[in-house]
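Engineer:
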DNA sequence: GTCGCTTTGTGCTTGCGTTCACAAGCGCTT
DNA sequence: AAGCGCTTGTGAACGCAAGCACAAAGCGAC
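Chains as they are written, first to last, in my numbering: chain A, 17 to 223; chain B, 17 to 223.
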């Protein structure tokens, strides 16, 4: 379920505060969801709660992490090191959550060979070689939209089966490859849509 | 509808290629959705298609833009100029889509006063003043999670009613404020979950 | 002008996810 | 040891979105 990471984040935050037991009601509030939904989600993992008491925070963190596959480290390659790729390479939130950025790749000869976050940028021509050598299953695309599909195809051909795409383009992939799309312009446009709906209805009401 | 921006992106891409008319089938393929869903979505805006022919690309771009409220420019403030905020400030995809980054704000005295993407970083203490002076309705939070809720509250109090949050924390806001959450770690965790499901079932099948 | 091809717009069914509401169960107190 | 209060886990109802399938409608050809 796509909500497990949110629960995990809330749980680790609670754990850091020293909380040892938590009720579905409290955890649901921290995660911003309905408590029944949370209980149903957690029940799919097994019966890890105690009736009348709640859930043991540490134990639940472990169980959710296991379900998400975070008990092992996932090697990741970042393709494209513009401003965004740069930010991703320097983002500390990955390593602490079971992801290791194993390689940085870019097509720009001026970037290749430079150090970013203690790691050397590799040329795009070596992409397949790098993916295979490290057994990388997860790729991050932070390139311009024009080359995103090409990079995606090469990643998939080299064995990558999960892709996080920051480029504003729809990626075509085989059915067994998972793609998640993050597009900041689209998020802003959705906000603009809601902003306008707050204004337009007042005009309609005035008619 | 949250899919309109995706349609708009596909439409502008087609327009740049010189395409003038497009069928729901073609546009749906470009946007990665079902054609019936696309037609139903577009029909909510009005009847802008011609039966037997399709949709006029330019006209549809205009209509979708109008529906999304992109015929006007939306002023935006970015709070937090770490690696991610930096990348956002330099991202060209905003201005071209009807958003103008009007102010950059950070708490770090070393950053305040520096120029980023031709704009001077303002101190966090002036946040409310800046929001009110520019009539800013949309705020982007790219701060550490620890201060995200505090910044969010100040933005809302100053009049911001839409927030794009990159910090890994759930924001509590009044009902009339829209929040959209972007969390790269969560996206990666969802990918890891699917990756693991590709491996674990093979073990289960072996039993 | 009529016929047929193509594509939109939409009623209806189907399926999934959310939510309510309650029974089952655990621990604490007396 | 028994009862009480609290919380989980889940069966059942509800609502919404997705997709099918077809009727309505425009355009071109003959």
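Think of the CB as a built atom: it goes at the ideal place given N, C-alpha and C, for glycine as much as any other residue.
Could you spell out the range, first to last residue, of the alpha helix (DSSP H) harbouring residue 160(B)?
Structural biologist: Reading the second chain from its first residue, position 144 is the one you call residue 160(B). Where residue 160(B) is concerned, there is no enclosing alpha helix (DSSP H), given that its DSSP letter is neither H nor E.
Engineer: Could you pull the DSSP bridge partners for residue 155(A) from this structure?
Structural biologist: Stepping through the first chain from its first residue, residue 155(A) is reached at position 139. According to DSSP, residue 155(A) bridges with 93(A), 179(A).
Engineer: Does residue 27(B) get closer than 7 Å to chain A when you measure Cβ to Cβ?
Structural biologist: If you number the second chain from 1, residue 27(B) lands on position 11. It does not; no Cβ of chain A falls within 7 Å.
Engineer: Which chain B residues are close to residue 46(A), counting only those with a beta carbon under 9 Å from its beta carbon?
Structural biologist: Along the first chain, one-based indexing puts residue 46(A) at 30. Chain B residues near residue 46(A): 186.
Engineer: My assumption, with CB atoms under 8 Å, is that residue 215(A) sits in contact with residue 21(B). Please give the rounded CB distance.
Structural biologist: Position 199 of the first chain, counting from 1, holds the residue named residue 215(A). Position 5 of the second chain, counting from 1, holds the residue named residue 21(B). The pair is not a contact, with the Cβ atoms about 19 Å apart (cut-off 8 Å).
Engineer: Return the residue from the list 148(B), 185(B), 160(B) that minimises the CA-CA distance to residue 173(B).
Structural biologist: Counting from 1 along the second chain, the entry for residue 173(B) is found at position 157. Of 148(B), 185(B), 160(B), the residue nearest in Cα terms is 148(B).
Engineer: Relative to chain B, which residues along the stretch 61-73 of chain A have a C-beta separation below 7 Å, given in chain order?
Structural biologist: Of all residues in the stretch 61-73 of chain A, none has a Cβ within less than 7 Å of some Cβ in chain B.
Engineer: May I ask you to list the residues that DSSP assigns as paired with residue 194(B)?
Structural biologist: Taking the first residue of the second chain as 1, we reach residue 194(B) at position 178. Answer by DSSP bridge pairing, in chain order: 178(B).
Engineer: To the nearest angstrom, how far is the alpha carbon of residue 120(B) from that of residue 96(B)?
Structural biologist: As a first step, residue 120(B) is located in the second chain; it is residue number 104 there, counting from the start. As a first step, residue 96(B) is located in the second chain; it is residue number 80 there, counting from the start. Residue 120(B) and residue 96(B): Cα-Cα distance of roughly 8 Å.
Engineer: Under 7 Å, do residue 207(A) and residue 178(B) count as touching if we go by C-beta distance?
Structural biologist: Locating residue 207(A) in the first chain gives position 191, where the first residue counts as 1. Locating residue 178(B) in the second chain gives position 162, where the first residue counts as 1. In contact: residue 207(A) and residue 178(B) (Cβ atoms closer than 7 Å).
Engineer: Considering only residues of the same chain and omitting the five flanking positions on each side of residue 69(A), which have a CB-CB separation below 7 Å?
Structural biologist: What you label residue 69(A) is simply residue 53 of the first chain in a count that begins at 1. Answer for residue 69(A): 37, listed in chain order.
Engineer: On the CB-based measure, 16 or more other CB atoms within 10 Å of its CB, does residue 126(A) come out buried or exposed?
Structural biologist: Numbered from its first residue, the first chain carries residue 126(A) at position 110. Flag for residue 126(A) reads exposed.
Engineer: Thinking C-alpha only, which one of 210(A), 158(A), 74(A) is nearest residue 192(B)?
Structural biologist: Start at 1 with the first residue of the second chain, and residue 192(B) comes out as number 176. Nearest option by C-alpha distance: 210(A).
Engineer: Give the range of the alpha helix (DSSP H) segment to which residue 79(A) is assigned.
Structural biologist: Here residue 79(A) refers to the residue found at position 63 when the first chain is read from its first residue. Unbroken alpha helix (DSSP H) run through residue 79(A): 73-84.
Engineer: Using beta carbons (cut-off 7 Å, strictly below), is residue 178(B) in contact with chain A?
Structural biologist: In the second chain, residue 178(B) corresponds to position 162, counting from 1. Taking Cβ atoms only, chain A reaches closer than 7 Å to residue 178(B), which makes this a yes.
Engineer: Tell me which residue opens and which closes the beta strand (DSSP E) that residue 118(A) is part of.
Structural biologist: Counted from its first residue, the first chain places residue 118(A) at position 102. It spans 115-122 - the beta strand (DSSP E) in which residue 118(A) sits, taken as one unbroken run.
Engineer: Check the Cβ-Cβ distances between residue 94(A) and every residue of chain B, and say whether any is below 7 Å.
Structural biologist: Start at 1 with the first residue of the first chain, and residue 94(A) comes out as number 78. No, its Cβ sits nowhere closer than 7 Å to a Cβ of chain B.
Engineer: Taking C-alpha atoms, which residue in 61(B), 73(B), 19(B), 53(B) lies nearest to residue 32(B)?
Structural biologist: Here residue 32(B) refers to the residue found at position 16 of the second chain. Taking only the C-alpha atoms, the option nearest residue 32(B) is 73(B).
Engineer: Under 7 Å, do residue 103(B) and residue 103(A) count as touching if we go by C-beta distance?
Structural biologist: Residue numbering aside, residue 103(B) sits at position 87 when the second chain is read from its first letter. Residue numbering aside, residue 103(A) sits at position 87 when the first chain is read from its first letter. Contact flag set, yes.
Engineer: Using a cut-off of 8 Å between C-beta atoms, extract the partners of residue 198(A) located in chain B.
Structural biologist: By one-based count along the first chain, residue 198(A) stands at place 182. Result: 198, 200, 203.
Engineer: Closer than 8 Å by beta-carbon distance: list the chain B residues that pair up with residue 109(A), in chain order.
Structural biologist: The residue labelled residue 109(A) in the question sits at position 93 within the first chain. Those are 184, 200, 201, listed as they occur along chain B.
Engineer: Between residue 27(B) and residue 80(B), how many whole angstroms is the CB-CB distance? I'm expecting something under 8 Å.
Structural biologist: Taking the first residue of the second chain as 1, we reach residue 27(B) at position 11. Taking the first residue of the second chain as 1, we reach residue 80(B) at position 64. Rounded, the Cβ-Cβ distance is 7 Å, consistent with contact.
Engineer: Can you list, in chain order, the residues of its chain with a C-beta nearer than 6 Å to that of residue 123(A)? Leave out the 5 residues immediately preceding and following it.
Structural biologist: Here residue 123(A) refers to the residue found at position 107 when the first chain is read from its first residue. Cβ neighbours of residue 123(A) beyond the five flanking positions: 140.
Engineer: Exposed or buried, which one is residue 63(A) when buried takes at least 16 other CB atoms within 10 Å?
Structural biologist: Translated into positions along the first chain, residue 63(A) becomes position 47. Exposed, since its Cβ has fewer than 16 Cβ neighbours within 10 Å.
Engineer: When DSSP builds the beta bridges, which residues end up paired with residue 132(A)?
Structural biologist: Residue numbering aside, residue 132(A) sits at position 116 when the first chain is read from its first letter. Per DSSP, 135(A).
Engineer: Would residue 117(B) and residue 92(B) be called neighbours here (beta carbons separated by less than 7 Å)?
Structural biologist: In the second chain, the residue the question calls residue 117(B) occupies position 101. In the second chain, the residue the question calls residue 92(B) occupies position 76. Yes, the Cβ-Cβ distance between residue 117(B) and residue 92(B) is below 7 Å.
Engineer: So, for residue 146(A): in the same chain, excluding its five sequence neighbours on each side, which residues have a beta-carbon less than 7 Å away from its beta-carbon?
Structural biologist: Sequence index remark: in the first chain, residue 146(A) carries index 130 (1-based). The residues are 93, 119, 121, 138.
Engineer: What residues are listed by DSSP as bridge partners for residue 70(B)?
Structural biologist: By 1-based counting over the second chain, the position of residue 70(B) is 54. According to DSSP, which records beta bridges pairwise, residue 70(B) is partnered with 66(B).
Engineer: Kindly list, in the order they appear in chain A, the residues whose Cβ is closer than 7 Å to that of residue 113(B).
Structural biologist: Working through the second chain from its first residue, we reach residue 113(B) at position 97. Correct list: 201, 205.
Engineer: Ignore the nearest five residues each way along the sequence and tell me which others in residue 222(B)'s own chain have a CB closer than 8 Å to its CB.
Structural biologist: For the purposes of this step, residue 222(B) is identified with residue 206 of the second chain, where counting begins at 1. Residue confidence for residue 222(B) is low, a pLDDT of 47 falling below 50, so the modelled location carries little weight; the figure read from the coordinates is stated next. Result list for residue 222(B): empty, nothing under 8 Å.
Engineer: Roughly how many whole angstroms lie between the Cα atoms of residue 184(B) and residue 66(B)?
Structural biologist: Along the second chain, read from residue 1 onward, the residue named residue 184(B) stands at position 168. Along the second chain, read from residue 1 onward, the residue named residue 66(B) stands at position 50. Their backbone Cα atoms lie some 45 Å apart in a straight line.
Engineer: What does the Cβ neighbour count give for residue 205(B), buried or exposed, with the cut at 16 atoms within 10 Å?
Structural biologist: Counting from one through the second chain, the residue named residue 205(B) turns up at place 189. Burial call: buried.
Engineer: Considering Cα atoms alone, identify which of 168(A), 100(A), 40(A), 45(A) is closest to residue 190(A).
Structural biologist: Walking along the first chain from the start, residue 190(A) turns up at place 174. When each option's Cα is compared against that of residue 190(A), the closest is 168(A).
Engineer: For residue 37(A), which of helix, strand or coil comes out of DSSP?
Structural biologist: Taking the first chain and counting its residues from 1, the one referred to as residue 37(A) is at position 21. Note: residue 37(A) maps to strand in three-state DSSP.
Engineer: For residue 132(A) and residue 99(A), what's the separation of their Cα atoms in angstroms?
Structural biologist: Within the first chain, numbered from 1, the residue matching residue 132(A) stands at position 116. Within the first chain, numbered from 1, the residue matching residue 99(A) stands at position 83. Approximately 12 Å between the Cα atoms of the pair.
Engineer: Any idea what DSSP makes of residue 23(A), helix, strand or coil?
Structural biologist: Taking the first residue of the first chain as position 1, residue 23(A) is located at position 7. The answer is helix: DSSP assigns residue 23(A) an H, G or I state.
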